[in-house]
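Chemist: 618 is the number that numbering that gives the first Met the number 0 gives the last residue of the sequence shown; the numbers go up by one with no jumps.
From the three backbone atoms N, C-alpha and C, an ideal C-beta is built for every residue, glycine too.
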Amino acid sequence: MSGAGDQAGRVNLRSALRQAFRFALEGLAADDVVAVPEAEIAGLVEQVRETADAKFGDYSGTMAMALAKRAGKKPRDVALEIIKRLITAPGYADLFEPPGDPVGPGFINVRVKDDALAAVVSRAVADDRLGVAAVEHPQTVVVDFSSPNVAKPMHVGHIRSTVIGDAIARILRFRGHRVITDNHLGDWGTQFGMILWGWKHCRNDAAFGADPTAELGRLYRLVRKVADAKPEELAADPTAATLAAEHPDAAREVLAETAKLHEGDAENRALWERFMPVCRGEIDRIYARLQVTFDHTLGESFFQPMLAATVDDLVAKGLARESRGAIGVFLGGEDDPPLLIRKADGAFLYATTDLATIQWRLENWEPDRILYVVDHRQSQHFEQVFEAARRWGVDGVADVDLVHVAFGTVLGEDGKPFKTRAGDTVGLEALLDEGVERAAAVVGSGEEGRAGMSAEDRRHVAETVGIGAIKYADLSQNRTTDYVFSFDKMLQLTGNTAAYMQYAVARVEGIFTKGGIDRGQLRRACHGVLLSDPKERALALELLRFGEALEDVEADSRPNVLTAWLYDLAGCYSTFYDSLSVLKAEGAERDSRLALCDLTGRVLRRGLDLLGIGTVEKM
Ligand code: ARG
Numbered sequence: 000m001s002g003a004g005d006q007a008g009r010v011n012l013r014s015a016l017r018q019a020f021r022f023a024l025e026g027l028a029a030d031d032v033v034a035v036p037e038a039e040i041a042g043l044v045e046q047v048r049e050t051a052d053a054k055f056g057d058y059s060g061t062m063a064m065a066l067a068k069r070a071g072k073k074p075r076d077v078a079l080e081i082i083k084r085l086i087t088a089p090g091y092a093d094l095f096e097p098p099g100d101p102v103g104p105g106f107i108n109v110r111v112k113d114d115a116l117a118a119v120v121s122r123a124v125a126d127d128r129l130g131v132a133a134v135e136h137p138q139t140v141v142v143d144f145s146s147p148n149v150a151k152p153m154h155v156g157h158i159r160s161t162v163i164g165d166a167i168a169r170i171l172r173f174r175g176h177r178v179i180t181d182n183h184l185g186d187w188g189t190q191f192g193m194i195l196w197g198w199k200h201c202r203n204d205a206a207f208g209a210d211p212t213a214e215l216g217r218l219y220r221l222v223r224k225v226a227d228a229k230p231e232e233l234a235a236d237p238t239a240a241t242l243a244a245e246h247p248d249a250a251r252e253v254l255a256e257t258a259k260l261h262e263g264d265a266e267n268r269a270l271w272e273r274f275m276p277v278c279r280g281e282i283d284r285i286y287a288r289l290q291v292t293f294d295h296t297l298g299e300s301f302f303q304p305m306l307a308a309t310v311d312d313l314v315a316k317g318l319a320r321e322s323r324g325a326i327g328v329f330l331g332g333e334d335d336p337p338l339l340i341r342k343a344d345g346a347f348l349y350a351t352t353d354l355a356t357i358q359w360r361l362e363n364w365e366p367d368r369i370l371y372v373v374d375h376r377q378s379q380h381f382e383q384v385f386e387a388a389r390r391w392g393v394d395g396v397a398d399v400d401l402v403h404v405a406f407g408t409v410l411g412e413d414g415k416p417f418k419t420r421a422g423d424t425v426g427l428e429a430l431l432d433e434g435v436e437r438a439a440a441v442v443g444s445g446e447e448g449r450a451g452m453s454a455e456d457r458r459h460v461a462e463t464v465g466i467g468a469i470k471y472a473d474l475s476q477n478r479t480t481d482y483v484f485s486f487d488k489m490l491q492l493t494g495n496t497a498a499y500m501q502y503a504v505a506r507v508e509g510i511f512t513k514g515g516i517d518r519g520q521l522r523r524a525c526h527g528v529l530l531s532d533p534k535e536r537a538l539a540l541e542l543l544r545f546g547e548a549l550e551d552v553e554a555d556s557r558p559n560v561l562t563a564w565l566y567d568l569a570g571c572y573s574t575f576y577d578s579l580s581v582l583k584a585e586g587a588e589r590d591s592r593l594a595l596c597d598l599t600g601r602v603l604r605r606g607l608d609l610l611g612i613g614t615v616e617k618m
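1. If A497 and A461 are in contact, beta carbons under 8 Å, what's the gap, nearest whole angstrom?
2. To the nearest angstrom, how far is the alpha carbon of Y58 from that of V10?
3. Thinking C-alpha only, which one of D294, E616 and M153 is nearest A429?
4. Relative to the ligand ARG, is the shortest distance from any of its heavy atoms to the C-beta of T356 smaller than 7 Å?
5. What does the Cβ neighbour count give for A29, buried or exposed, with the cut at 16 atoms within 10 Å?
6. Output the boundary residues of the beta strand (DSSP E) element that contains F406.
7. Have a look at A405, L568 and G156 and flag the residue whose alpha-carbon is nearest the alpha-carbon of A548.
8. List the residues that DSSP assigns as beta-bridge partners of E462.
9. Is DSSP giving G467 helix, strand or coil here?
10. Shorter than 7 Å, the distance from the beta carbon of V393 to the closest heavy atom of the ligand ARG, or not?
11. Taking the continuous alpha helix (DSSP H) assigned at R17, which residues delimit it?
12. What residue ranges within the stretch 483-527 form continuous alpha helix (DSSP H) runs of no fewer than 4 residues, ordered along the chain?
13. What are the partner residues of I369, as DSSP defines its beta bridges?
14. Evaluate Q290 with the Cβ neighbour count: other Cβ atoms within 10 Å of its Cβ, from every protein chain shown; 16 or more gives buried, anything less gives exposed.
15. Count the CB pairs spanning the stretch 38-46 and the stretch 128-144 that are closer than 8 Å, and state whether there are at least three.
16. Grab me the residues of V328's own chain with a C-beta within less than 7 Å of its C-beta, minus the 5 sequence neighbours each way, in chain order.
17. Just curious, the beta strand (DSSP E) that A88 is in, first and last residue?
18. Give me the DSSP bridge partner(s) of E621.
19. How big is the Cα-Cα spacing for R478 and S160?
20. Would you say the beta carbon of Y371 is closer than 7 Å to some non-hydrogen atom of the ligand ARG?
21. Helix, strand or coil: how does DSSP classify V33 here?
22. From L218 to V435, what distance separates their C-alpha atoms?
23. Taking all protein chains shown into account, do 16 or more other C-beta atoms lie within 10 angstroms of the C-beta of T87, making it buried, or fewer, making it exposed?
24. With the cut-off set at 8 Å, would you say L116 and R536 are in Cβ contact?
25. Should D353 be listed as close to the ligand ARG, given that the test is whether its C-beta is under 7 Å from any heavy atom?
26. Hey, would you say the C-beta of S453 is under 7 Å away from at least one heavy atom of the ligand NAP?
27. In chain order, what residues of the same chain lie with their CB nearer than 7 Å to the CB of L540, ignoring the 5 residues before and after it?
28. In chain order, what residues of the same chain have a beta carbon less than 8 Å from the beta carbon of G2, not counting five sequence neighbours either side?
29. What's the C-alpha gap between T309 and T480?
30. Considering only the beta carbon of each residue, do F302 and T352 sit closer than 8 Å?
31. I believe R619 touches G611 by the beta-carbon criterion, under 8 Å. Please report the beta-carbon distance rounded to the nearest angstrom.
32. Once DSSP output is grouped into helix, strand and coil, what is the label at P74?
33. What does I170 pair with, by DSSP beta-bridge criteria?
Right under this line is the structure:
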């Protein structure tokens with residue numbers, strides 16, 4: 000059965016069943032029972048999902064209703080016609096029981112055969128990929144994420160893109176895609192004008208010598224206030240107020256510094272070269288703590304040499320033209336504002352770089368898909384850039400899927416954008432520190448905890464739990480909505496939190512230490528998992544849904560599908576473990592249950608790893 004498994008014999012049960020349904024629906028059309036247009040079949044078979052209630056079976060297909068309506072027939076009759084063909088689909092009978100009578104308004108409920116389930120889960124136990132089949136058609140996917148504007152400190156707003164993008168990249172890679180991650184740094188923008196201006200007017204050499212990052216950060220914050228010249232901000236900052244009084248034209252001068260940098264002014268260019276390693280050092284420290292890496296960090300500056308040609312080409316193709324001195328791509332009617340690609344003063348814009356970047360990526364990486372993990376406030380920017388790129392018609396653009404993976408804002412517990420008491424945005428580093436510090440209080444509260452942990456162990460556990468909590472809290476939200484940042488909630492040991500999941504892993508794996516069991520040997524010696532108790536069966540089936548969860552994450556770039564599933568798996572495991580004896584069981588039954596524990600531990604651990612979250616042995 001192609002598409003439902005891979006060469007190594009891994010089976011994705013839901014895909015196998017969907018394929019059988021596809022066969023049945025095609026038969027329905029061929030036999031003229033219901034006209035099902037080929038184009039709609041994919042959507043209809045996706046209606047095969049796990050049943051909401053296990054008493055009805057394992058999976059259920061609900062398409063009979065829609066089809067019956069179309070054909071003017073009874074849903075039950077259409078369902079019976081589907082079932083008749085389903086059971087003859089190639090491979091169906093190897094994996095699934097014949098469905099019973101359609102239920103309710105034509106639901107077709109399917110149960111996996113016990114012996115097939117036992118065989119598939121036994122193979123997963125012996126498998127490094129934990130039974131997860133790789134995708135049949137691997138794609139090249141570029142993930143553009145994190146992408147902060149450097150020279151200003153990273154703040155809480157950067158966490159979402161970084162964490163969500165990293166998880167998506169890991170998951171797609173595990174599914175078998177060729178993933179290329181690129182940190183599209185904002186390393187060429189007006190923030191450099193600010194630190195250039197600050198450097199020239201108010202730098203503190205001693206401070207720069209002692210801590211260059213802190214000094215650049217200070218200059219950025221100071222000059223931003225001077226340039227913005229908001230009375231209430233100046234009133235609160237005498238240094239800024241004095242500077243603002245001395246330089247009433249600061250805002251314009253800051254822009255001029257940026258313009259000089261872009262024009263290749265030797266002094267500004269040399270300073271930029273000097274500042275960049277400092278800025279990179281700052282963000283790299285944060286990435287190291289988050290354990291996030293990138294294949295490439297090209298940054299906006301990398302594309303600068305290509306921008307003039309980009310504008311020229313768009314003009315030559317008749318897509319861009321002058322509009323009040325500037326140049327814009329006209330996407331809508333005459334009266335709609337164009338997408339600006341060159342300002343009247345000659346400066347290029349954010350959109351110009353994004354267009355050049357698309358062309359460069361297509362030429363050099365030949366991607367099938369590019370994901371942009373960026374704040375939802377940039378939706379319009381991406382809509383316009385994608386549309387302009389398509390019209391521009393650069394090589395490969397017709398076949399690439401350009402996707403804006405948008406996310407909402409991080410809110411404070413007051414429901415407003417997350418700020419410090421003083422009203423500043425919260426620095427990312429301070430946030431991570433606080434998470435780790437608070438986690439240290441939780442560490443050692445578990446049974447085994449306090450006893451056997453060295454100070455160094457405790458620090459490591461606190462770091463893993465603290466950073467994990469922050470990441471998981473973000474990943475477990477539906478990414479498109481805003482979410483409230485709460486240390487108290489995210490560090491709870493119950494509920495759908497990283498700490499709970501990490502604790503679950505430590506507990507599952509603790510069994511092997513307690514029983515003195517060699518897991519490698521267990522896997523080799525396990526001659527087949529036994530599923531005599533319904534709780535064993537339920538756990539086995541849940542474990543095999545790992546691949547389905549990952550598939551669903553990919554479909555809509557939603558890591559929260561994985562966190563929700565991992566939480567369900569942990570619950571399913573508790574039900575199993577609380578009611579059946581494992582270490583005290585005997586013979587083949589003991590081995591089989593231990594094998595299920597082993598697989599659960601590995602799946603939970605791998606699942607967390609695919610979210611970029613670490614695990615610990617004890618906590
Ligand atoms: N630097 C931008 C910002 O901080 C995000 C860049 C996202 N990626 C892109 N290709 N536009 O808002």
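Modeler: Reading off the structure:
1. Going by Cβ atoms, the distance from A497 to A461 rounds to 13 Å, so no, they are not a contact pair.
2. The C-alpha of Y58 lies about 15 Å from the C-alpha of V10.
3. Among D294, E616 and M153, the Cα nearest to that of A429 is on M153.
4. Under cutoff, so the answer is yes.
5. The residue in question, A29, is exposed, as its Cβ has fewer than 16 Cβ neighbours within 10 Å.
6. Counting along the chain, the beta strand (DSSP E) containing F406 begins and ends at D400 to F406.
7. Of the listed residues, the one whose Cα sits closest to A548 is L568.
8. Partner(s): none; E462 has no beta bridge.
9. It is helical.
10. Remark: the shortest separation between the CB of V393 and any heavy atom of the ligand ARG does not fall under 7 Å.
11. Unbroken alpha helix (DSSP H) run through R17: L12 to A29.
12. Counting only runs of at least 4 residues, the stretch 483-527 fully encloses the following alpha helix (DSSP H) elements, listed from N- to C-terminal order: 486-489, 497-514 and 518-524.
13. Per DSSP, the beta bridge partners of I369 are V141 and L401.
14. Flag for Q290 reads exposed.
15. The stretch 38-46, when compared against the stretch 128-144, does not touch it at the 8 Å Cβ threshold.
16. Cβ-Cβ distances below 7 Å link V328 to L313, L318, A319, P337, L338, I340 and A387 in the same chain, with the five nearest sequence neighbours on each side left out; the list follows chain order.
17. For A88, there is no enclosing beta strand (DSSP E), as DSSP marks it with neither H nor E.
18. An answer regarding residue 621 cannot be provided, because it is not within the stretch 0 to 618 covered by the chain.
19. Within the model, the alpha-carbon separation for R478 versus S160 is close to 10 Å.
20. With a threshold of 7 Å, the Cβ atom of Y371 counts as near the ligand ARG, since some heavy atom of the ligand is closer than that.
21. Three-state result, V33: coil.
22. So the alpha carbons of these two residues sit roughly 29 Å apart.
23. With fewer than 16 other CB atoms across the displayed protein chains lying within 10 angstroms of its CB, T87 is exposed.
24. Between L116 and R536, the C-beta gap is smaller than 8 Å, which places the two residues in contact.
25. Checking every heavy atom of the ligand ARG against the Cβ of D353, one is found closer than 7 Å.
26. Ligands displayed in this structure: the ligand ARG; the ligand NAP is not among them.
27. Sequence-distant Cβ neighbours of L540 in its own chain, meaning closer than 7 Å and more than five residues away, are D57, V111 and L116.
28. The predicted model places G2 with a pLDDT of 49, which falls under 50 and marks its position as unreliable, so this point remains unresolved.
29. The straight-line gap from Cα to Cα measures roughly 35 Å.
30. For F302 and T352, yes; Cβs fall inside 8 Å.
31. There is simply no residue 619 to check, as the chain begins at 0 and stops at 618 in what is shown.
32. Correct three-state label for P74: helix.
33. Paired residues: none, contrary to the question.
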